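Each remark here refers to the structure printed beneath this line.
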Amino acid sequence: MIRKAFVMHVNSGCEAEYEKRHNPIWEDLAAVLKEHGSHNYSIFLDPTNNTLFGYVEIEDEARWSAVAQTDACKRWWAYMGDVMPANPDNSPVTHEVREVFHLD
3 MIRKAFVMHV
13 NSGCEAEYEK
23 RHNPIWEDLA
33 AVLKEHGSHN
43 YSIFLDPTNN
53 TLFGYVEIED
63 EARWSAVAQT
73 DACKRWWAYM
83 GDVMPANPDN
93 SPVTHEVREV
103 FHLD
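Residue numbers (this note's numbering): 3 to 106.
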């Protein structure tokens, strides 16, 4: 399993709406994530600076990348675009972070 972590941000004043939209996520999006080998996916919010920290375990980088090409993902990005910084394709502005420690 490949562990991935990344940082995003939620717009100020949109924290509650961001959380509401994720509880739960759409069933078709959850299915796409699972079908593409995603496991143990969590997103955490640091309310002091609106930073979102995402963690997911994936089976394969290519399958993870392919999620972005699905209709469910594209619709989700459009849906979330008003509550967080987004790229021109509506994907969230995301920065991967490097693992420096792990303990099983």
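Cβ coordinates follow ideal geometry from the N, Cα and C atoms, glycine included.
Everything numeric in this text was worked out from a predicted model, so none of it was measured.
- For residue 105, the number of other beta carbons within 10 angstroms of its own is below 16, and it is reported as exposed.
- With contacts defined by Cβ atoms closer than 8 Å, residue 79 and residue 90 do not form a contacting pair.
- Secondary structure at residue 44: strand, using DSSP grouped into helix, strand and coil.
- Burial state of residue 97 is exposed, judged by a 10 Å Cβ sphere holding fewer than 16 other Cβ atoms.
- Here residue 11 is buried. Its C-beta has 16 or more other C-beta atoms within 10 Å.
- The residue from 45, 50, 5 and 72 with its alpha-carbon nearest to that of residue 56 is 45.
- Rounded to the nearest angstrom, the Cβ distance from residue 9 to residue 102 is 14 Å, too far for a contact under 8 Å.
- Taking 8 Å as the cut-off, the beta carbon of residue 13 is found closer than this to the beta carbon of residue 86.
- Residues of the same chain with a CB within less than 7 Å of the CB of residue 50, apart from the 5 flanking positions on each side, do not exist.
- Annotation for residue 5: the continuous beta strand (DSSP E) segment containing it runs 4-11.
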